[in-house]
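Undergrad:
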Amino acid sequence: MGILNPKKEQERDALCISLLKEKGLSITAPRKLILGLLIKEHGPFTAEDILKKLPKNSCDQATIYRCLNQFVDAQLVNTSFLEKDMAHFEYNDPHHHHHHIICKICKKIESFHDCLMEKIELNLQKKGYSNIQHRLEIFAVCEQCAKS
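Here's what the structure looks like:
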């Protein structure tokens with residue numbers, strides 16, 4: 001996971017423990033590692049990306065998939081299919097709203113923070129809808145690929 005400021009690492013570890021407890025999930029080393037990675041680096045990542053980023057032999061791929069599914073069920077992690085049939089996961093940070101643009105050629109994924117959906121959400125709330133969520137993914141050709 002790279003070299004971290006110990007204080008930040010301790011804060012992230014405490015946040016992981018708090019979130020796991022809040023969602024009724026038992027606190028295990030693999031859950032803390034996976035959730036900590038997603039909080040630190042945000043994502044979106046495939047399960048294979050996560051396995052490569054974790055310390056060697058810290059957990060196997062089946063454990064990663066199991067933890068990710070539990071995190072999605074607990075709404076700690078969002079899942080998106082940004083590439084055909086390839087799930088990507090990222091921490092569902094309530095203080096960090098963003099969307100993705102994906103290059104159709106090289107599959108590079110970038111986040112962007114402009115959101116035009118807020119006005120639509122307000123109109124839906126006026127109509128009586130609640131607990132509204134949305135996700136926007138845009139597919140385009142990036143500048144690098146357009147030059148090729």
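Here UniProt numbering is used: the first residue of the sequence shown is 1, the next is one more, and so on.
Just so it is clear, CB atoms sit at the ideal spot from N, CA and C, and this is done for glycine as well.
With a Cβ-Cβ cutoff of 7 Å, do Ala47 and Ile64 count as a contact?
TA: If you number the sequence shown from 1, residue 47 lands on position 47. If you number the sequence shown from 1, residue 64 lands on position 64. In this structure, Ile64 lies closer than 7 Å to Ala47 by Cβ.
Undergrad: Could you tell me the distance, in whole angstroms, from the CA atom of Tyr148 to the CA atom of His113?
TA: As a first step, residue 148 is located in the sequence shown; it is residue number 148 there, counting from the start. As a first step, residue 113 is located in the sequence shown; it is residue number 113 there, counting from the start. Correcting the residue type first, residue 148 is Ser in the shown sequence and not Tyr. Taking the straight line from one Cα to the other gives about 27 Å.
Undergrad: Is it buried or exposed, Gly2, if we count other Cβ atoms within 10 angstroms and call 16 or more buried?
TA: Start at 1 with the first residue of the sequence shown, and residue 2 comes out as number 2. Note that Gly2 scores 44 on pLDDT, short of 50, meaning its location in the model is unreliable and no value can be drawn from it.
Undergrad: What do you get for Pro6, buried or exposed, if any count of 16 or more other CB atoms within 10 angstroms of its CB means buried?
TA: Numbered from its first residue, the sequence shown carries residue 6 at position 6. Reliability fails at Pro6, whose pLDDT of 47 lies under 50, so the model's placement of it is uncertain and no value is given.
Undergrad: Pull up the CB-CB distance for Ile17 and Ile27, whole angstroms please, since I reckon it's below 8 Å.
TA: Residue numbering aside, residue 17 sits at position 17 when the sequence shown is read from its first letter. Residue numbering aside, residue 27 sits at position 27 when the sequence shown is read from its first letter. So it is a contact: roughly 6 Å between Cβ atoms.
Undergrad: Within a Cβ cutoff of 8 Å, which residues of the same chain sit near Thr79, ignoring the five residues on either side of it in sequence?
TA: Within the sequence shown, the letter at position 79 stands for residue 79. These residues qualify, in order along the chain: Leu68, Val72, Ala87, His88 and Phe89.
Undergrad: Can you check whether the CB of Glu121 is closer than 7 Å to the CB of Ile138?
TA: Counted from its first residue, the sequence shown places residue 138 at position 138. Counted from its first residue, the sequence shown places residue 121 at position 121. No, they are not a contact pair.
Undergrad: For the alpha helix (DSSP H) that contains Phe71, what are its first and last residues?
TA: Indexing the sequence shown from 1 puts residue 71 at position 71. First-last of the alpha helix (DSSP H) with Phe71: Gln61 to Asp73.
Undergrad: Who are the near neighbours of Cys59 in its chain, counting only those whose CB is closer than 6 Å to its CB and skipping five residues on each side?
TA: Residue mapping note: residue 59 aligns to position 59 of the sequence shown, counting from 1. Pro30, listed in sequence order.
Undergrad: When the Cα atoms are used, what is the spatial distance from residue 165 to Cys145?
TA: No answer is possible for residue 165: it lies beyond the span of the chain, which begins at 1 and ends at 148.
Undergrad: Can you tell which of Leu15, Gln10, His134 and Ile50 has its C-alpha closest to the C-alpha of His97?
TA: Indexing the sequence shown from 1 puts residue 97 at position 97. Measuring from the Cα of His97, the nearest candidate turns out to be His134.
Undergrad: By how many angstroms is the C-alpha of Val141 removed from the C-alpha of Met117?
TA: In the sequence shown, the residue the question calls residue 117 occupies position 117. In the sequence shown, the residue the question calls residue 141 occupies position 141. When rounded, the distance between both Cα atoms is 23 Å.
Undergrad: Where DSSP assigns a beta bridge to Cys103, which residues make up the other side?
TA: For the purposes of this step, residue 103 is taken as the residue at position 103 of the sequence shown. Its beta-bridge partners are Ala140.
Undergrad: Among the residues of its own chain, which have a CB less than 6 Å from the CB of His99, if the five just before and after it don't count?
TA: Here residue 99 is taken as the residue at index 99 of the sequence shown, counted from 1. Same-chain partners within the cutoff: Phe112 and Leu136.
Undergrad: Can you look up Asn78 in the DSSP assignment and give me helix, strand or coil?
TA: On the sequence shown, residue 78 is found 78 positions in, with the first residue counted as 1. Strand, per DSSP.
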